[in-house]
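**Student:**
Take a look at the structure:
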């Protein structure tokens, strides 16, 4: 395959990953319909919390997708993952619409586990394609694409708002969760794949492409936040869907421009481009410094060592990293899973707006690390990821304390902060796993790491449900700030502990780098 055609496919694969990630956060819209589902299935708060845990519990089996990527074509992994989601959400939809006999609670629980597992398959393919097809810009590729998963809840909320009445919200979400990922996987599977001769491609024009992609992504995020807050003149759900849909198509301009270059329509610009391009390598005797397109990267930055799961599980760094994630991003995800009930207990009727807000700020949070990494790497600096995680977990602790205030403003501010920080830590964790434990076994190693999410979802969520029930009035419903007061104090303390652990991990990784 000509190098020019490979360049087009390289960018096209990244656009496909963006589309996959934008619809893959099916678990993030659960708070928007959880209250309605609770009444439809006559569940207690504890049972509802267990369903939120079930969605995260699917990640316990996420390592299956890691193994599948090693042995199966990527398109088949996508189809398997989306089909699992179709079964998990589809049967729930058929049940609440009375197309099949009503499912028991435990049947719904098992289907939710299955649906949660489907996310891992699409995530794994997305990460693998971004890393393999952009080896020299993998942090930027992973950061930009994974940020779009933060937009999922916003997209689903707008589509449901445009197509379904407020009384059929749960039915709308379950239907979309079952069919939309499958449809997008079928559309993207032909070009979301490995590029065989990727190592032969020079890094020409990659910086320009990523700058354009960053601009598009930032514009998409700003539009998402503004429309979530209802600040647009015409901010109906249908208009929001159209606007977001157009912005998701705009990245196609990058592979189109690559194709135009391939056809030679921009040959008159070749001379100017050649003056800017610097593509050479200084060998190890020159202190291991590689220069590409005026981009200087210090040779001692990157993967520490390549290790498998067995060795990883006996490393102290892994368990520190595991607990840092557990005490930061996982607590944030549990808060977002319970956002619907938290809003209802405080007398707020704008749950969908809050879900869209958390989604939009989560989008920026996921994007922020790749922007920082790209900015500082151009200036020969590298941001320590454990240190950045520590900086991000600390504000989460403050946000949970702010939630002790009963005003709606404190709820919106805390939701935005927790959304940003949770999204950022989730994005950073991908590159942190690579750097600590290598690329070779990344797909399995990272799925082992995120096992902490269902564990945290059960532990923290179960505590929240018990407090909610204890403070309730006997009918399974609780109103007032006291419903989650003790929960917020616990979550705030856990985040404070996570900040300390992140600092310890930072010190250990610094010592390792200094010893090299």
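Residue numbers (our numbering): 1 to 516.
Glycine residues also receive a C-beta, built at the ideal position from the N, C-alpha and C atoms.
Nothing here was measured: the structure is a model prediction, and the numbers come from that model.
Of the residues 20, 110, 169, 80, which one's Cα is nearest the Cα of residue 583?
**Tutor:** The chain is shown from 1 up to 516; residue 583 falls before or after that span and cannot be answered.
**Student:** Measuring only the C-alpha atoms, how far is residue 373 from residue 391?
**Tutor:** Walking along the chain shown from the start, residue 373 turns up at place 373. Walking along the chain shown from the start, residue 391 turns up at place 391. Looking at the two C-alpha atoms, the distance is approximately 15 Å.
**Student:** What's the gap between the Cα of residue 324 and the Cα of residue 485?
**Tutor:** By 1-based counting over the chain shown, the position of residue 324 is 324. By 1-based counting over the chain shown, the position of residue 485 is 485. Near 23 Å, if we compare the C-alpha coordinates of residue 485 and residue 324.
**Student:** With distances taken Cα to Cα, identify the nearest neighbour of residue 519 among 236, 130, 439.
**Tutor:** Any answer about residue 519 is impossible in this case: the structure gives the chain only from 1 up to 516.
**Student:** Looking only at its own chain, which residues have a Cβ that is under 7 Å from the Cβ of residue 208, when we skip the five neighbours before and after it?
**Tutor:** Position 208 of the chain shown, counting from 1, holds the residue named residue 208. Answer for residue 208: no residue qualifies.
**Student:** By the three-class DSSP mapping on this structure, what secondary structure does residue 458 have?
**Tutor:** Within the chain shown, residue 458 is the residue found at index 458, counting from 1. In this structure, residue 458 counts as helix in the three-state DSSP scheme.
**Student:** Ignoring anything shorter than 3 residues, give me the beta strand (DSSP E) runs that lie fully in the region 352–440, in order along the chain.
**Tutor:** Complete beta strand (DSSP E) runs here, min 3: none at all.
**Student:** Over the uninterrupted alpha helix (DSSP H) stretch that includes residue 77, give me the two end residues.
**Tutor:** On the chain shown, residue 77 is found 77 positions in, with the first residue counted as 1. That run of the alpha helix (DSSP H) goes 74–96.
**Student:** Examine the Cβ distances between the region 211–228 and the region 37–55 and report whether three or more of them are shorter than 8 Å.
**Tutor:** Taking 8 Å as the limit for Cβ pairs, the verdict is that the region 37–55 does not touch the region 211–228.
**Student:** Looking only at its own chain, which residues have a Cβ that is under 7 Å from the Cβ of residue 87, when we skip the five neighbours before and after it?
**Tutor:** By one-based count along the chain shown, residue 87 stands at place 87. Result list for residue 87: 114, in chain order.
**Student:** To the nearest angstrom, how far is it from the Cα of residue 41 to the Cα of residue 105?
**Tutor:** Translated into positions along the chain shown, residue 41 becomes position 41. Translated into positions along the chain shown, residue 105 becomes position 105. For residue 41 and residue 105, the distance between alpha carbons rounds to 8 Å.
**Student:** Which same chain residues end up closer than 6 Å to residue 190 when comparing Cβ atoms and leaving out the 5 residues on each side of it in sequence?
**Tutor:** Stepping through the chain shown from its first residue, residue 190 is reached at position 190. Excluding residues within five positions, none has a Cβ falling inside 6 Å.
**Student:** Taking the alpha carbon of residue 117 as the point to measure from, which residue in 61, 147, 76, 67 has its own alpha carbon closest?
**Tutor:** Residue numbering aside, residue 117 sits at position 117 when the chain shown is read from its first letter. Considering only alpha carbons, the answer is 61.
**Student:** Do residue 396 and residue 332 have their CB atoms nearer than 8 Å?
**Tutor:** Here the question's residue 396 lines up with position 396 in the chain shown. Here the question's residue 332 lines up with position 332 in the chain shown. In this structure, residue 332 lies closer than 8 Å to residue 396 by Cβ.
**Student:** Return helix, strand or coil for residue 479, following the three-state DSSP convention.
**Tutor:** Residue mapping note: residue 479 aligns to position 479 of the chain shown, counting from 1. Looking at residue 479 - three-state DSSP - the assignment turns out to be coil, as it is neither helix nor strand.
**Student:** Under 8 Å, do residue 481 and residue 31 count as touching if we go by C-beta distance?
**Tutor:** Here residue 481 is taken as the residue at index 481 of the chain shown, counted from 1. Here residue 31 is taken as the residue at index 31 of the chain shown, counted from 1. Their beta carbons are not under 8 Å apart, which means residue 481 does not touch residue 31 by this criterion.
**Student:** Tell me the DSSP secondary structure of residue 312 in three-state form.
**Tutor:** Locating residue 312 in the chain shown gives position 312, counting from the first residue. Reduced to three states, the DSSP call for residue 312 is helix.
**Student:** What's the call for residue 287, buried or exposed, on a 16-neighbour Cβ count within 10 Å?
**Tutor:** As a working note, residue 287 is residue 287 in the chain shown. In this prediction, residue 287 scores a pLDDT of 38, lower than 50, which makes its location untrustworthy; the coordinate-derived value is nonetheless stated afterwards. Result: exposed.
**Student:** With 16 other CB atoms within 10 Å as the buried threshold, where does residue 165 fall?
**Tutor:** Sequence index remark: in the chain shown, residue 165 carries index 165 (1-based). By the neighbour-count rule (16 or more Cβ atoms within 10 Å), residue 165 is not buried but exposed.
**Student:** Quick check on residue 529: does DSSP put it in helix, strand or coil?
**Tutor:** Since the first residue shown for the chain is 1 and the last is 516, residue 529 is missing from the structure and cannot be characterised.
**Student:** On the DSSP letters alone, give me the boundaries of the alpha helix (DSSP H) that residue 227 sits inside.
**Tutor:** For this step, residue 227 is matched to residue 227 along the chain shown. Residues 206–228.
**Student:** Could you tell me the boundaries of the alpha helix (DSSP H) in which residue 342 lies?
**Tutor:** Counting from one through the chain shown, the residue named residue 342 turns up at place 342. That run of the alpha helix (DSSP H) goes 339–345.
**Student:** Kindly indicate the opening and closing residues of the alpha helix (DSSP H) around residue 143.
**Tutor:** Position 143 of the chain shown, counted from the first residue, corresponds to residue 143. From DSSP, the alpha helix (DSSP H) with residue 143 extends over 138–147.
**Student:** Leaving out five residues before and five after residue 176 in sequence, what residues of the same chain have Cβ atoms less than 7 Å from its Cβ?
**Tutor:** Working through the chain shown from its first residue, we reach residue 176 at position 176. Excluding residues within five positions, the ones whose Cβ falls inside 7 Å are 156, 159, 160.
**Student:** Can you find at least 3 beta carbon pairs, one from the region 359–367 and one from the region 417–428, that sit closer than 8 Å?
**Tutor:** Contact between the region 359–367 and the region 417–428 is present, because at least three Cβ pairs lie under 8 Å.
**Student:** Just curious, the alpha helix (DSSP H) that residue 181 is in, first and last residue?
**Tutor:** Translated into the one-based positions of the chain shown, residue 181 becomes position 181. Per DSSP, residue 181 belongs to the alpha helix (DSSP H) from 169–188.
**Student:** Between residue 154 and residue 228, is the Cβ-Cβ spacing less than 8 Å?
**Tutor:** Taking the chain shown and counting its residues from 1, one reaches residue 154 at position 154. Taking the chain shown and counting its residues from 1, one reaches residue 228 at position 228. Contact flag set, yes.
**Student:** Report, in whole angstroms, the separation of the C-beta atoms of residue 415 and residue 357, which I expect to be a contact under 8 Å.
**Tutor:** Residue 415 sits at position 415 when you count from the first residue of the chain shown. Residue 357 sits at position 357 when you count from the first residue of the chain shown. Sure, about 6 Å apart at Cβ, within 8 Å.
**Student:** Where do the N-terminal and C-terminal ends of the alpha helix (DSSP H) with residue 262 fall, by residue?
**Tutor:** What you label residue 262 is simply residue 262 of the chain shown in a count that begins at 1. Here the alpha helix (DSSP H) through residue 262 covers 253–262.
**Student:** Measuring alpha carbon to alpha carbon, tell me which of 5, 310, 402, 504 ends up nearest residue 195.
**Tutor:** The sequence position of residue 195 within the chain shown is 195, counting from 1. Nearest of 5, 310, 402, 504 to residue 195, Cα basis: 5.
**Student:** Measuring only the C-alpha atoms, how far is residue 271 from residue 262?
**Tutor:** If you number the chain shown from 1, residue 271 lands on position 271. If you number the chain shown from 1, residue 262 lands on position 262. With a pLDDT of 44 at residue 271, under the threshold of 50, the predicted position of this residue should be treated as unreliable, though the coordinate-derived value follows. If I take the Cα positions, the gap works out to 16 Å.
**Student:** How is the alpha helix (DSSP H) around residue 157 delimited, first residue to last?
**Tutor:** Taking the chain shown and counting its residues from 1, the one referred to as residue 157 is at position 157. First-last of the alpha helix (DSSP H) with residue 157: 152–163.
**Student:** Are the region 252–261 and the region 176–185 touching, with three or more C-beta to C-beta distances below 8 Å?
**Tutor:** The region 252–261 vs the region 176–185: no contact.
**Student:** By how many angstroms is the C-alpha of residue 338 removed from the C-alpha of residue 44?
**Tutor:** As a working mapping, residue 44 is identified with position 44 in the chain shown. As a working mapping, residue 338 is identified with position 338 in the chain shown. Near 14 Å, if we compare the C-alpha coordinates of residue 338 and residue 44.
**Student:** Between residue 244 and residue 443, how many whole angstroms is the CB-CB distance? I'm expecting something under 8 Å.
**Tutor:** For the purposes of this step, residue 244 is taken as residue 244 along the chain shown, with counting starting at 1. For the purposes of this step, residue 443 is taken as residue 443 along the chain shown, with counting starting at 1. Residue 244 to residue 443, Cβ: 30 Å. No contact.
**Student:** Run the CB neighbour count on residue 187, radius 10 Å, all protein chains shown included, and call it buried at 16 or more, exposed below.
**Tutor:** Taking the first residue of the chain shown as 1, we reach residue 187 at position 187. Counting Cβ neighbours within 10 Å, residue 187 comes out exposed, since fewer than 16 surround it.
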